[in-house]
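Q: Count the sequence shown with the working numbering and you get residues 120 to 390, in order. Questions regarding the structure given below will be posed in turn.
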Amino acid sequence: MIKLFVSDLDGTLLNHDKKVEQKEIDALQQLKESGVEICLASGRMDNEIVKVSESLEGDVHRVSQNGAFVLTHDDQSLHEKTFDHELASKLYSLTKMPDKITLVCSDNTNFVEEMSDVVKEIEKVMFFPIQENPTMREDFSTSLNPSKITVLGDHEQVLELQKKLNDMFGDDIDTYISAKSCLDIMPKHISKGNAIAVLLDHLDLQPDEIACVGDNFNDIPMFRLTPNSFAMSEAYDEVKQEANYVVDSVSEAVEIVLRQNREESKMNPNA
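Right, here's the structure in full:
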C-alpha cells in the first residue's frame, strides 16, 4: 500500500499563475481521506510551501530548498543544512556575474546584492519579496547562513557553470537544474531523495510505500528512491526516463495510486 504521496510544486502541482487548480486539490483530498499522507517537496523556501499548503487545508509534510530542510505536518524539524561560510563566499564570488542573477537563500528569505528590473521580474514568481542586501559578501561570515545559491541566466551558460562548479567543488556541493536556465547549488548530500529518506525513517515507511511526482532534474533523486515515480509529460526526456510513469497532471498520478491501493487492499484485506 502507498502511504505517502510526494509532489513537486513548480511545473507539477502549481500552474503558471502559482495556483493549485481545483482538480488537483480534490485529488489530494481524496488521497488524504483514503489515509495517504501528503508531502510537498520543492526547491522553494518553506514559507512558500506553507503558503501553497493553505489551499490543501494544511496538514502536509514539507521538504524545502531541494532537501535542505525537512519538516513534518506538525512543524517538527527533522533535518536542516546550510553552507560553510567560507564555501558560500567562494561560490558567491564565482557565480556573481554581470550577465547572470545570483540569489542567496537563507531559511525563509531570498537575497540579492542589488535590485534591478530583472530581479523584480523574477520576484513575480515568488510568494514573498526578494530582499536587497548590499553587504552580502561581508555577511557570509556573520549574520547570513545560506542554504542554497541560485543562478539564473542563459540556459547553455548555466549548464557550463554547473560543470565548472562540479569540477571545482564536487566534493562539497550538489547542483541541480531545477527549471530551465535555473541552477541551484546546494551543500553536499542535499537532495529531495535524501530528504524524503529522512521523512520515511521518521514515519517508519519503506520506499515502496511512497509515490512521488515531479518534472525536473532536482526530482530525479526522489524518483530513484521508489518504484512509484511519476514524471510530468512536459518534463525533459532525461527526466522522464528516470520515472516509471509519465502523467499529464498530479491528479492523474493520484488516480493511479488510488487504483493501486484499492487493488492491494483487495489482495491483502488486512494490509
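Every residue, glycine too, gets a C-beta built ideally from N, C-alpha and C.
Please report the Cβ distance between Val376 and Ser126, rounded to the nearest whole angstrom; I am assuming they are in contact, meaning their Cβ atoms lie under 8 Å.
A: Position 257 of the sequence shown holds residue 376. Position 7 of the sequence shown holds residue 126. Between Ser126 and Val376 the Cβ distance is about 11 Å, and since that is not below 8 Å, they are no contact.
Q: Whole angstroms are fine: how far does the CA of Glu232 sit from the CA of Thr71?
A: Shown here, the chain extends from 120 to 390; a query on residue 71 therefore has no answer.
Q: Hey, quick one: how far does the beta strand (DSSP E) through Lys137 stretch, first residue to last?
A: Working through the sequence shown from its first residue, we reach residue 137 at position 18. Taken as a continuous stretch (DSSP letters only), Lys137 belongs to no beta strand (DSSP E), as it is neither H nor E.
Q: Go ahead and pull the three-state DSSP assignment for Met305.
A: What you label residue 305 is simply residue 186 of the sequence shown in a count that begins at 1. Strand at Met305.
Q: Report, in whole angstroms, the separation of the C-beta atoms of Pro346 and Asn363, which I expect to be a contact under 8 Å.
A: Along the sequence shown, read from residue 1 onward, the residue named residue 346 stands at position 227. Along the sequence shown, read from residue 1 onward, the residue named residue 363 stands at position 244. That pair is a contact at about 6 Å.
Q: Excluding five sequence neighbours on each side, which residues of the same chain lie with their C-beta closer than 6 Å to the C-beta of Thr228?
A: Here residue 228 refers to the residue found at position 109 when the sequence shown is read from its first residue. Closer than 6 Å at the Cβ level, and outside the excluded window around Thr228, lie Gln250.
Q: So, for Arg343: in the same chain, excluding its five sequence neighbours on each side, which residues have a beta-carbon less than 8 Å away from its beta-carbon?
A: If you number the sequence shown from 1, residue 343 lands on position 224. Once the five neighbours on either side are set aside, the close Cβ partners of Arg343 are Gly312, Glu361.
Q: Would you call Leu263 buried or exposed, if buried means 16 or more other Cβ atoms sit within 10 Å of its Cβ?
A: Numbered from 1 along the sequence shown, position 144 holds the residue referred to as residue 263. Buried, by the Cβ-count rule.
Q: Quick check on Arg378: buried or exposed, where buried means 16 or more other Cβ atoms within 10 Å of its Cβ?
A: Position 259 of the sequence shown, counted from the start, is the residue given in the question as residue 378. Arg378 should be labelled exposed.
Q: So, using beta-carbon positions, are Ser266 and Gln184 closer together than 8 Å?
A: Start at 1 with the first residue of the sequence shown, and residue 266 comes out as number 147. Start at 1 with the first residue of the sequence shown, and residue 184 comes out as number 65. Yes, they are a contact pair.
Q: Tell me whether His192 sits in a helix, a strand or coil according to DSSP, three-state version.
A: In the sequence shown, residue 192 corresponds to position 73, counting from 1. Note: His192 maps to coil in three-state DSSP.
Q: Roughly how many angstroms lie between the CA atoms of Ser348 and Glu257, to the nearest whole one?
A: Locating residue 348 in the sequence shown gives position 229, counting from the first residue. Locating residue 257 in the sequence shown gives position 138, counting from the first residue. Between Ser348 and Glu257, the C-alpha separation is close to 42 Å.
Q: Taking contact to mean 3 or more Cβ pairs, one atom from each stretch, closer than 8 Å, check whether the region 287–296 and the region 200–219 are in contact.
A: Cβ pair count under 8 Å is three or more, so yes.
Q: Measuring straight from C-alpha to C-alpha, what distance separates Gly177 and Ala160?
A: For the purposes of this step, residue 177 is identified with residue 58 of the sequence shown, where counting begins at 1. For the purposes of this step, residue 160 is identified with residue 41 of the sequence shown, where counting begins at 1. The alpha-carbon atoms of Gly177 and Ala160 are separated by roughly 14 Å.
Q: How far does the alpha helix (DSSP H) with Leu319 in it extend, from its first residue to its last?
A: In the sequence shown, residue 319 corresponds to position 200, counting from 1. Here the alpha helix (DSSP H) through Leu319 covers 311–322.
Q: Secondary structure at Gln325, three-state DSSP: helix, strand or coil?
A: What you label residue 325 is simply residue 206 of the sequence shown in a count that begins at 1. Gln325 falls in the coil class under three-state DSSP.
Q: Taking 7 Å as the limit between beta carbons, can you name the residues of its chain near Arg163, skipping five residues before and five after?
A: Counting from 1 along the sequence shown, the entry for residue 163 is found at position 44. The answer, listed in chain order, is Leu128, Ser183.
Q: Return helix, strand or coil for Lys359, following the three-state DSSP convention.
A: Against the sequence shown, residue 359 aligns to sequence position 240. Correct three-state label for Lys359: helix.
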